[in-house]
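Novice: Just dropping this structure here.
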Amino acid sequence: MGNIIEIQNLTKNYGKFQALNRINLTVPEESIFGYLGPNGAGKTTTLKILVGLLHYSQGSVKIFGQEVKNHSVAINKQIGFLPDAEMPKYETIYRFLSLTGKLNDILYRKERISEVLQQVGLKKLQNRKIGNLSRGQKQRVGIANALLHDPQLLILDEPNSGLDPIARKNILSLLKDLAKEGKSIILSSHIIGEVDKIATNIAIIHRGKIIEAGKRNDLTKYLAHRKYIISGKIIQEKVLSLDYVTAFNLDLLDRVIITVSNNITEEQLLLDLIQKCDSKIKFFSLMEFSLEDLFFAKITEEIKGEDYP
Ligand code: ATP
85 MGNIIEIQNL TKNYGKFQAL NRINLTVPEE SIFGYLGPNG AGKTTTLKIL VGLLHYSQGS
145 VKIFGQEVKN HSVAINKQIG FLPDAEMPKY ETIYRFLSLT GKLNDILYRK ERISEVLQQV
205 GLKKLQNRKI GNLSRGQKQR VGIANALLHD PQLLILDEPN SGLDPIARKN ILSLLKDLAK
265 EGKSIILSSH IIGEVDKIAT NIAIIHRGKI IEAGKRNDLT KYLAHRKYII SGKIIQEKVL
325 SLDYVTAFNL DLLDRVIITV SNNITEEQLL LDLIQKCDSK IKFFSLMEFS LEDLFFAKIT
385 EEIKGEDYP
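First residue of the sequence shown? That's 85 in the working numbering, and the numbers climb one at a time after it.
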C-alpha cells in the first residue's frame, strides 16, 4: 500500500514566526491518521497547507503523488475538508450544501445531498437554518459538506470539538465506516482517548516539530513498559535503584507511579519492592498505558519545566 500524503521538510513562517519547522509526515492509503498536539502546535497550519489554503515557505507536500503547490485545484476535487470555521448562519442545511457544490462547479443531485444527510443523521433537519443548529449538528453539516463529492481523502480539523459524548461517538463510528469503505482520513483532535479508538497511525506535533509519528501499534511498543501505582512507605532512591525501573512519578493525588520495562514479571517486581521498602507496600496495581500517556510523556519531555504551551 502506498502513501496518500507525503510531506518532506515542510517549513511555514508567519512573518518572523516559524509555525512549522522542517516537518516530515507520511499518511498511508486507507489509514485513519490522528494528528495530535497542544494548542498552537501547528496542526491547523499543516491541514490548511494540505488543502491549498496556505502557502508554505519551504519543503515538499505531495498528495496522491502530486505537489500541492502546483496542483491544488485538481487535488482538492479528491479531498473533503472540514475546517475549524464558521458556516453561513442564514442558509438552511440543504441550501448550504447545494450552494457549496455550485461554488466547486459541481451540481449535486438531490439524491446525493439526501444520501449524505442521511449518513450524518441530519435528513430531518435539512430545512433548518444553520444559525439555529446546535454545535454538534453544525459539525455534522460540516462533515456532510466534506463528504458530498465522495472524496478519497478526508481532512478533518477537530471534528469532535465541543460535541457531547453521544454526538462524538456517532461521528467516530461514521469515520470508522468511511475508512471501511476505503477512504483515508486525517483528523486533528484534542480528545486523545477517542482518536486512540479509531486511529491506525498517529503523529504528535509540538511547537512546529513532529515529536512522534508512526503506526498506532508501533507507538505502543515505545511504551513497551508497564506502569504500576503503589502506595506505602516508598523511598524514591531505593525504588529507582532497581535497574528495570525507568521512572518514578507522583500523580495528581500524590500517589507513586513507577514505570518498569517489560522484561520483569509482576511477581518479581512485587518481591523486589517489598524487599526495598521493608515490606511496607500497602497497595500495588497495574496501570494501562494509553495514547494519552504517550502524549503526556512526550510533551512533558519537550517542555521540561518551561511555560506551557
Ligand atoms: P489549536 O489546537 O489551538 O487549534 P494548532 O495546533 O491548530 O492549535 P495553529 O493554528 O496551526 O495551531 O497555529 C500554530 C502557531 O502559528 C500558533 O502559535 C499560532 O499563534 C500561529 N499562527 C497561526 N496562524 C497565524 C497567522 N495567520 N499569523 C501569525 N501566526 C499565526
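Using N, Cα and C, we set each Cβ at its ideal position, and we do this for glycine too.
For the 8 angstroms Cβ check, are there 3 or more pairs between the stretch 336–353 and the stretch 254–272?
Specialist: no
Novice: To which residues of the same chain is residue 229 closer than 7 angstroms at the C-beta, ignoring the five residues directly before and after it?
Specialist: Walking along the sequence shown from the start, residue 229 turns up at place 145. Once the five neighbours on either side are set aside, the close Cβ partners of residue 229 are 181 and 184.
Novice: Rank 98, 320, 121 and 150 by C-alpha distance to the C-alpha of residue 139 and give the top, closest one.
Specialist: If you number the sequence shown from 1, residue 139 lands on position 55. Selected option, being the one with the closest Cα: 98.
Novice: What are the uninterrupted segments assigned as beta strand (DSSP E) that are 3 or more residues long and contained completely in the stretch 152–214, given in chain order?
Specialist: 163–166
Novice: Could you check the C-alpha separation between residue 80 and residue 127 for me, to the nearest Å?
Specialist: No information on residue 80 is available, as it lies outside the stretch 85 to 393 that the chain covers here.
Novice: Whole angstroms is fine: what's the gap from residue 252's alpha carbon to residue 171's?
Specialist: Here residue 252 corresponds to residue number 168 of the sequence shown, with the count starting at 1. Here residue 171 corresponds to residue number 87 of the sequence shown, with the count starting at 1. Cα-Cα distance, rounded: 20 angstroms.
Novice: Tell me the rounded alpha-carbon separation between residue 283 and residue 362.
Specialist: The residue given as residue 283 occupies position 199 in the sequence shown. The residue given as residue 362 occupies position 278 in the sequence shown. In a straight line, the C-alpha of residue 283 is about 44 angstroms away from that of residue 362.
Novice: Apply the 10 Å Cβ neighbour rule to residue 132 and answer buried if 16 or more other Cβ atoms are within range, or exposed otherwise.
Specialist: Taking the first residue of the sequence shown as position 1, residue 132 is located at position 48. The residue in question, residue 132, is buried, as its Cβ has 16 or more Cβ neighbours within 10 Å.
Novice: Would DSSP call residue 105 helix, strand or coil?
Specialist: Here residue 105 refers to the residue found at position 21 when the sequence shown is read from its first residue. In the structure shown, residue 105 sits in a strand (DSSP, three-state: E or B).
Novice: Taking the C-alpha atoms as reference points, what is the distance between residue 326 and residue 364?
Specialist: For this step, residue 326 is matched to residue 242 along the sequence shown. For this step, residue 364 is matched to residue 280 along the sequence shown. Approximately 17 angstroms between the Cα atoms of the pair.
Novice: Can you pull every residue whose C-beta falls closer than 6 angstroms to some heavy atom of the ligand ATP, listed in chain order?
Specialist: The filter returns 98, 101, 103, 121, 123, 124, 125, 126, 127, 128 and 129, in chain order.
Novice: Specify the secondary structure class of residue 291 as computed by DSSP and reduced to three states.
Specialist: In the sequence shown, counting from the first residue as 1, residue 291 sits at position 207. Coil.
Novice: Measure how close the beta-carbons of residue 206 and residue 177 come, nearest whole angstrom, since I'm counting them as under 8 angstroms.
Specialist: Position 122 of the sequence shown holds residue 206. Position 93 of the sequence shown holds residue 177. About 6 angstroms; that satisfies the 8 angstroms criterion.
Novice: So the alpha helix (DSSP H) residue 220 belongs to, where does it begin and stop?
Specialist: Counted from its first residue, the sequence shown places residue 220 at position 136. Where residue 220 is concerned, the enclosing alpha helix (DSSP H) stretches over 219–231.
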